[in-house]
């Protein structure tokens, strides 16, 4: 019997360890592979204040200022089809200029593309989710009537309050109130699902996105899951991918503020709740991370999330539809 030399055995162990580590990665490889057909493209994964967060000097924010690769744009998705080529945005964030700049240009001329999107869907009226509409206005893009799909209450808010009413009056946007479902070009359907949240100005919705081959649930901003009716589990059991509110990991993240009063499910509690559905649900990704969230860095919180079979959503991830 030939025994491997000590050095060769050591190399073999290193290689095997590397293979095992690859198998314990961020999440399903599909989220990192190019998608040739209809797709969901992740344009941002941060909470409304961004990462780095405005006026914050914490370690995570300072690291993001030093290293652009650590930065995260505010939570947003792009739905993109190929035949015909269409682009639909979910949530217009304060980072909209950079998010649009990250996409392949649809015009060849060296000028402003006044219609870079074929429609915008809005979840609710908190600053990270609709302030980007301002860039469509007369002072900036001066867009020609981009359809904005939102709840009737949200539409009433936009047409009754400045500066948003000017977008309507100058026909930079065209309000498309929706209660339920829209059928889009390119074989997509998108359904608004009422979501419990702090509804200071408007109500809040999640979106169920359905393509030719896949269904994705996007619920980035919500109160605790116990307030959902019907239960959130009924939606998770019926989709391939769920992108869920992961704003906070635990109650002790905001010194001097009550995290519970802000109104979000904790990742730590979501892990406990949804682990019982293993084998009965699609893949779950968390998004909308507050800058205080420990899953943004390597450590026990992120390790627990991954070991439990959940995933941290990344800017630039994509999923087939």
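Numbering (the numbering used here), first residue to last: 728 to 1048.
Yeah, the Cβ is synthetic: ideal placement off N, Cα and C, and Gly gets one too.
{"Check": "Within 8 Å, strictly: CB atoms of residue 806 and residue 900", "Outcome": "no"}
{"Check": "Extent of the continuous alpha helix (DSSP H) run through residue 856", "Outcome": "854-857"}
{"Check": "Proximity below 8 Å, CB of residue 816 to CB of residue 847", "Outcome": "yes"}
{"Check": "Terminal residues of the beta strand (DSSP E) in which residue 803 lies", "Outcome": "803-808"}
{"Check": "Environment of residue 1038 [buried if 16+ CB atoms lie within 10 Å]", "Outcome": "buried"}
{"Check": "Integer Cβ distance of residue 1042 from residue 771, believed to fall under 8 Å", "Outcome": "6 Å"}
{"Check": "Three-state secondary structure (DSSP) of residue 903", "Outcome": "strand"}
{"Check": "Distance, residue 832 Cα to residue 952 Cα", "Outcome": "39 Å"}
{"Check": "Three-state secondary structure assigned by DSSP to residue 834", "Outcome": "coil"}
{"Check": "DSSP state of residue 918 mapped onto helix, strand, coil", "Outcome": "strand"}
{"Check": "Where residue 898 sits in the DSSP three-state scheme", "Outcome": "coil"}
{"Check": "Euclidean distance between Cα positions of residue 1027 and residue 958", "Outcome": "29 Å"}
{"Check": "Bounding residues of the beta strand (DSSP E) (the contiguous stretch that carries residue 768)", "Outcome": "766-771"}
{"Check": "Inter-residue spacing [alpha-carbon to alpha-carbon] between residue 993 and residue 978", "Outcome": "8 Å"}
{"Check": "Own chain residues within Cβ distance below 6 Å of residue 1012, not counting five before or after", "Outcome": "970, 1038 and 1040"}
{"Check": "Beta-carbon spacing of residue 908, residue 896 below 8 Å", "Outcome": "no"}
{"Check": "Contact check, residue 902 vs residue 933, beta carbons under 8 Å", "Outcome": "no"}
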